[in-house]
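Number of protein chains: 2
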Amino acid sequence: MRSQKVAAEDVDQKLFSTFSELGYDGASMEILAKATGLSKASLYHRFPDGKKQMAEHVLTNAAEFLQENLVKTATDRSIKPEIRLQKALGILDQVYEGGSLNCLLRTLSVGTDAENFKSYIMKCFDLIAKGFAAIAIDMGIDAKTAKTRSKDVNLLVQGSLVLSGVTHDRSYFKNTLAKIPGYLTA
Amino acid sequence: MRSQKVAAEDVDQKLFSTFSELGYDGASMEILAKATGLSKASLYHRFPDGKKQMAEHVLTNAAEFLQENLVKTATDRSIKPEIRLQKALGILDQVYEGGSLNCLLRTLSVGTDAENFKSYIMKCFDLIAKGFAAIAIDMGIDAKTAKTRSKDVNLLVQGSLVLSGVTHDRSYFKNTLAKIPGYLTA
DNA sequence: GTCTATAGCTAGATAGAC
DNA sequence: GTCTATCTAGCTATAGAC
Numbered sequence: 739m740r741s742q743k744v745a746a747e748d749v750d751q752k753l754f755s756t757f758s759e760l761g762y763d764g765a766s767m768e769i770l771a772k773a774t775g776l777s778k779a780s781l782y783h784r785f786p787d788g789k790k791q792m793a794e795h796v797l798t799n800a801a802e803f804l805q806e807n808l809v810k811t812a813t814d815r816s817i818k819p820e821i822r823l824q825k826a827l828g829i830l831d832q833v834y835e836g837g838s839l840n841c842l843l844r845t846l847s848v849g850t851d852a853e854n855f856k857s858y859i860m861k862c863f864d865l866i867a868k869g870f871a872a873i874a875i876d877m878g879i880d881a882k883t884a885k886t887r888s889k890d891v892n893l894l895v896q897g898s899l900v901l902s903g904v905t906h907d908r909s910y911f912k913n914t915l916a917k918i919p920g921y922l923t924a
Numbered sequence: 739m740r741s742q743k744v745a746a747e748d749v750d751q752k753l754f755s756t757f758s759e760l761g762y763d764g765a766s767m768e769i770l771a772k773a774t775g776l777s778k779a780s781l782y783h784r785f786p787d788g789k790k791q792m793a794e795h796v797l798t799n800a801a802e803f804l805q806e807n808l809v810k811t812a813t814d815r816s817i818k819p820e821i822r823l824q825k826a827l828g829i830l831d832q833v834y835e836g837g838s839l840n841c842l843l844r845t846l847s848v849g850t851d852a853e854n855f856k857s858y859i860m861k862c863f864d865l866i867a868k869g870f871a872a873i874a875i876d877m878g879i880d881a882k883t884a885k886t887r888s889k890d891v892n893l894l895v896q897g898s899l900v901l902s903g904v905t906h907d908r909s910y911f912k913n914t915l916a917k918i919p920g921y922l923t924a
């Protein structure tokens, strides 16, 4: 039985979850190979520039996902803003697997090569803020307030994920998501 | 000129800042040796169980510092609670170097051996929450509300440190500290 | 496109001199 | 208590067969 080509989406998903869990330095090539079901050599075939390229790839994927899902939904004026808000929160819940997964944006922000990744990470934070700001504005919040509060959404979500990760208690994350609508439109 | 014994407090400080900046996996023994000004062998002389012991040591130090400074101040009823609150925020500002330093509690929560460190990390979060809860209660907030909001202090501070770290913009942290008094006693 | 095997290096950790 | 030198294991990365 010849080896089958492993689907790129499956590899991407495994790279995402492994970097999220272990961070850049903690995710060794050996671990990444086992997680994806590929050999190290096959990973280098797909990512000639190695681990750094893999991390940049998953961060680029994350930005695309946020643009195509969160931002697209959040700016779709054919939907009522209240519904968009719920959908946007649902997307965050999905991305962070209900608070059970460390946030890739945070785990890749510390350690070797972290500085190289920060522009990608900021892009993702900006997309999330952009989405929530659009919703808030359409709910009648003035633009300046909407911008401030949508940035705070990132702050609250990241803080809750730190605490959920350390305590293994997802309620920090769940409660934070639940409080966002009230906070955004207070 | 013989080699002088390096002061333990200086070593501790360097271990703290290096683990804070690079995380557990990113802080290699080579880097830790250079940061402390000791050889790797000398570090092993002081910490026979190696890097893991060093990380546990700095976390234990952090808990002692929080107890002896933040908690002690926060529970000192000879001081007006409003003053205690400002002192407690000053201590957080000092610990995190105005938002310029990654938080040790966060950087050690990801990567190899992270699970072993989480009990130490939780202890530190509990001490911070304990301090702010005591202050809030003495400012007239009921115990249950005080407990919830003091936990949120950790959430807000951690979230702001993630964003300040990624963007190199300390205002997330500074603004968060400034907002805590209003939030705690709203 | 996949793999095994391995190069070359750096990691954590240790031995033993001073 | 400090150091240099070194060990072994694991690391990133590559070579070359299929």
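The listed protein sequences correspond, in order, to chains A and B.
Using the numbering used here, read the first sequence as starting at 739 and increasing by one per residue.
Using the numbering used here, read the second sequence as starting at 739 and increasing by one per residue.
Note that beta-carbon positions come from the ideal geometry of N, C-alpha and C, so glycine has one too.
Which same chain residues, not among the five before or five after B:F961, have their C-beta less than 6 Å away from its C-beta? Beyond the ends of chain B as shown, which are 739 and 924, falls residue 961 of chain B; an answer cannot be given.
Could you give the distance in angstroms between the alpha-carbon of A:K789 and the alpha-carbon of A:Y782? Mapped onto the first sequence, residue 789 of chain A falls at position 51. Mapped onto the first sequence, residue 782 of chain A falls at position 44. Taking the straight line from one Cα to the other gives about 8 Å.
What is the C-beta distance between A:T931 and A:I879, in whole angstroms, given that I count them as a contact (C-beta under 8 Å)? With chain A represented from 739 up to 924, any question about residue 931 of chain A goes unanswered, as that position is not in the structure.
Output yes if chain A places a C-beta closer than 8 Å to the C-beta of B:L760; else output no. Residue 760 of chain B sits at position 22 when you count from the first residue of the second sequence. Interface residue, yes.
Beta-carbon of B:N799 versus every beta-carbon of chain A: anything under 8 Å? Looking up residue 799 of chain B in the second sequence gives position 61. Taking Cβ atoms only, chain A never reaches closer than 8 Å to B:N799, which makes this a no.
Using a C-beta cutoff of 8 Å, does A:G849 count as contacting chain B? What you label residue 849 of chain A is simply residue 111 of the first sequence in a count that begins at 1. Yes, contact with chain B.
Mapping the DSSP letters down to three states, classify B:A911 as helix, strand or coil. Position 173 of the second sequence, counted from the start, is the residue given in the question as residue 911 of chain B. The sequence shown places Phe at residue 911 of chain B, rather than the Ala named in the question. Of the three classes helix, strand and coil, the one that applies to B:F911 here is helix, per DSSP.
Which runs of the beta strand (DSSP E) at least 3 residues long sit entirely within the stretch 854-918 of chain A? Give them in chain order. Fully enclosed beta strand (DSSP E) runs of no fewer than 3 residues are not present anywhere in the stretch 854-918 of chain A.
Counting only Cβ pairs nearer than 7 Å, list the residues of chain A close to B:N892. Along the second sequence, one-based indexing puts residue 892 of chain B at 154. Those within 7 Å of B:N892 in chain A are L901.
What does B:D763 reach in chain A if we use C-beta pairs closer than 7 Å? Locating residue 763 of chain B in the second sequence gives position 25, counting from the first residue. Counting only Cβ-Cβ distances below 7 Å, B:D763 has contacts in chain A at G761, D763, G764 and G849, in chain order.
Presumed contact (8 Å Cβ cut-off) between B:I866 and B:V891, rounded CB distance: Position 128 of the second sequence holds residue 866 of chain B. Position 153 of the second sequence holds residue 891 of chain B. Yes, B:I866 and B:V891 are in contact; Cβ-Cβ is about 7 Å, under 8 Å.
Determine the direct distance from the alpha carbon of A:M877 to that of B:L804, and round the result to whole angstroms. Along the second sequence, read from residue 1 onward, the residue named residue 804 of chain B stands at position 66. Along the first sequence, read from residue 1 onward, the residue named residue 877 of chain A stands at position 139. Their Cα atoms are separated by approximately 43 Å.
Give the residues from the stretch 816-842 of chain B that approach chain A closer than 7 Å (Cβ to any Cβ), ordered along the chain. Within the stretch 816-842 of chain B, the residues whose Cβ lies closer than 7 Å to some Cβ of chain A are N840, listed in chain order.
Should A:R822 be listed as close to the ligand NAD, given that the test is whether its C-beta is under 7 Å from any heavy atom? The ligand NAD is absent from the structure shown, which contains no ligands of any kind.
CB contact below 8 Å: A:M792 versus chain B: Translated into the one-based positions of the first sequence, residue 792 of chain A becomes position 54. The C-beta of A:M792 comes no closer than 8 Å to any C-beta of chain B.
Contact set for B:G869: own chain, Cβ-Cβ below 6 Å, skip 5 residues either direction: For this step, residue 869 of chain B is matched to residue 131 along the second sequence. Answer for B:G869: L808, V809, A812 and A826, listed in chain order.
When you compare only the Cα positions, how much space is there between B:D814 and A:T756? By one-based count along the second sequence, residue 814 of chain B stands at place 76. By one-based count along the first sequence, residue 756 of chain A stands at place 18. Cα to Cα, B:D814 sits roughly 45 Å from A:T756.
Kindly indicate if chain A contains any beta-carbon less than 8 Å away from that of B:Y921. Taking the second sequence and counting its residues from 1, the one referred to as residue 921 of chain B is at position 183. Closer than 8 Å: no.
To which residues of the same chain is B:S847 closer than 8 Å at the C-beta, ignoring the five residues directly before and after it? Taking the first residue of the second sequence as 1, we reach residue 847 of chain B at position 109. The answer, listed in chain order, is F855, K856 and I859.
Can you tell me the Cβ-Cβ gap for B:L961 and B:V895, rounded? I've got them flagged as a contact below 8 Å. As displayed, chain B neither begins before 739 nor continues past 924, which places residue 961 of chain B out of reach and without an answer.
Kindly say whether A:R887, judged by its beta-carbon, lies nearer than 8 Å to any beta-carbon of chain B. Here the question's residue 887 of chain A lines up with position 149 in the first sequence. Chain B contact via Cβ: absent.
Can you tell me the Cβ-Cβ gap for A:R887 and A:Y910, rounded? I've got them flagged as a contact below 8 Å. By 1-based counting over the first sequence, the position of residue 887 of chain A is 149. By 1-based counting over the first sequence, the position of residue 910 of chain A is 172. That belief does not hold up - the Cβ atoms of A:R887 and A:Y910 are roughly 20 Å apart, past 8 Å.
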